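Trainee:
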Amino acid sequence: MLKALTTYVMTAFLLMSYSLNAKIQGKVDIGAACINVDILESGKTVDTLYMKGVRGEATINVYSGWFLKPGFLLAGVHGKLEACNIGIGHFYPVTEKLLLMPSVGAGWSYLRTSINLGGKEFTEKFHSTTPYVALEFCYKLTSCWTLMGMYQYGWSKTRTTIEPILRAKSHSEGPNYALGFDYSINPNWSITGGVGYNITLSHEKHGLRAKGAKLGIAYFF
C-alpha cells in the first residue's frame with residue numbers, strides 16, 4: 027500500500043506544471059528533477075526513496091483561452107518510474123501581471139522496484155491511474171522574473187503485482203503544492219525552476235511525505 031502511494035506522489039509532484047506569463051503564450055519545457063519521499067507508518071518515517079530523472083511538458087493554446095497540457099517523466103535510481111499526463115484548462119488573465127489557470131486531467135504511471143522476501147529478490151510493479159484537479163497562478167514580478175504556484179488534488183487507483191505472490195488493488199488521494207520561478211533570457215527562451223511539497227496519509231496515518239526540486243529550460247511560442 028505504501029509503495030503504491032509512491033506512484034501517485036511522484037507522478038503528482040514531478041509532473042507538476044509551471045505555466046505561462048500573464049501574456050498568454052504556448053510553452054514547451056524540459057529539465058532535470060530530483061525528489062525524496064519519506065514512507066510513513068503511524069506518522070513516523072520508516073524509509074526514504076531517492077529519485078532522479080528528466081521531465082518534459084507543454085502548454086498548448088488551443089482556442090479562445092482553452093489549453094491542453096501534456097507531460098511525461100522518466101526517473102530512476104531507487105527503482106524505475108515512467109509516467110505521462112494530459113490536462114485541459116482555461117487561461118484567466120486577472121490583470122496585466124496576474125494569470126490564473128484552472129484545469130482538470132489524468133495521469134498514468136508505471137513504477138518498478140524490488141523487494142526482498144525470505145532472502146529472495148522479487149520484482150514489484152505498480153500501474154496507476156490518477157485523475158486530478160489543479161489551479162495554477164503566474165505573477166510577473168519584473169520584465170524578466172515571473173513567480174508561479176500550483177495546487178493540485180488527485181485520486182489514484184493502483185494495481186500492484188509481485189509475481190507470483192501478490193496481485194492487489196488500492197486507492198489513495200492527496201494534495202500537492204508547488205512554487206516556482208521563470209527567468210526570461212529573451213522573448214522565446216527562459217530558465218525555469220521550482221520546489222514542491224506533498225503529504226499523503228491514510229486514515230491510519232500511513233502514507234508519504236515528499237519534497238523535491240527541478241530545474242529546466244523553456245521555449246515560448
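Note that the sequence shown covers residues 27 to 247 in the working numbering.
Ideal Cβ placement from N, Cα and C applies to all residues, glycine included.
From a predicted model like this one, the values you see are computed outputs, not experimental measurements.
(1) Can you give the Cα-Cα distance for N62 and Y89, rounded to whole angstroms?
(2) So which of V120, I243, E83, G144 has the shortest CA-CA distance to L100?
(3) Could you check which residue in Y158, Y165, Y118 has the C-alpha nearest to that of G180?
(4) Given V80, which residues of its chain have a CB within under 8 Å of its CB, disregarding the five upstream and five downstream residues?
(5) Take E108 as the anchor and find which of K78, G200, V130 has the nearest alpha-carbon.
(6) Looking only at its chain, what residues have a beta carbon closer than 8 Å to the beta carbon of V130, apart from the 5 residues adjacent to it on each side?
(7) Could you check where the beta strand (DSSP E) with G91 kicks off and where it finishes?
(8) Sort out for me which residues DSSP pairs E150 with in a bridge.
(9) Closer than 6 Å by C-beta to F208: which residues in its own chain qualify, once you throw out the five before and the five after it? Chain order, please.
(10) Which one of I86, L167, L75 has the shortest CA to CA distance from S140?
(11) I think V54 touches A244, with their Cβ atoms under 8 Å apart; what is that distance to the nearest whole Å?
(12) Among I211, I188, F163, which one has its Cα closest to the Cα of V120?
(13) Which ranges does the beta strand (DSSP E) cover as unbroken runs of at least 3 residues, wholly within the stretch 52-119, from first to last along the chain?
(14) Residues in the same chain with beta-carbon distance under 8 Å from F148, minus the five sequence neighbours each way, listed in chain order, please.
(15) Can you give the Cα-Cα distance for R235 and V221, rounded to whole angstroms?
(16) Have a look at K231 and S198 and give me their C-alpha separation to the nearest angstrom.
(17) Rank Y136, L125, K123, G145 by C-alpha distance to the C-alpha of C110 and give the top, closest one.
(18) Secondary structure at K240, three-state DSSP: helix, strand or coil?
(19) Can you name the residues that DSSP bridges to T155?
Mentor: Here's the rundown:
(1) 38 Å
(2) E83
(3) Y158
(4) I56, G57, A58, A59, L99, L100, A101
(5) Taking each of K78, G200, V130 in turn and checking the Cα distance to E108, the smallest one comes out for K78.
(6) The answer, listed in chain order, is G113, I114, G115, P157, Y158, V159, A160.
(7) G91 -> no beta strand (DSSP E), and no H or E assigned at all.
(8) T139, I188
(9) Note that residue 208 is Asp in the sequence shown, not Phe. These residues qualify, in order along the chain: T172, S216, T218.
(10) Put simply, of I86, L167, L75 the residue whose alpha carbon is nearest the alpha carbon of S140 is L75.
(11) 7 Å
(12) Distances from the CA of V120 to each of I211, I188, F163 were compared; the closest alpha carbon is that of F163.
(13) 53-67, 70-89, 92-103, 106-116
(14) S140, I141, N142, I188, E189, I191
(15) 14 Å
(16) Cα-Cα distance, rounded: 12 Å.
(17) Y136
(18) strand
(19) W134, K183
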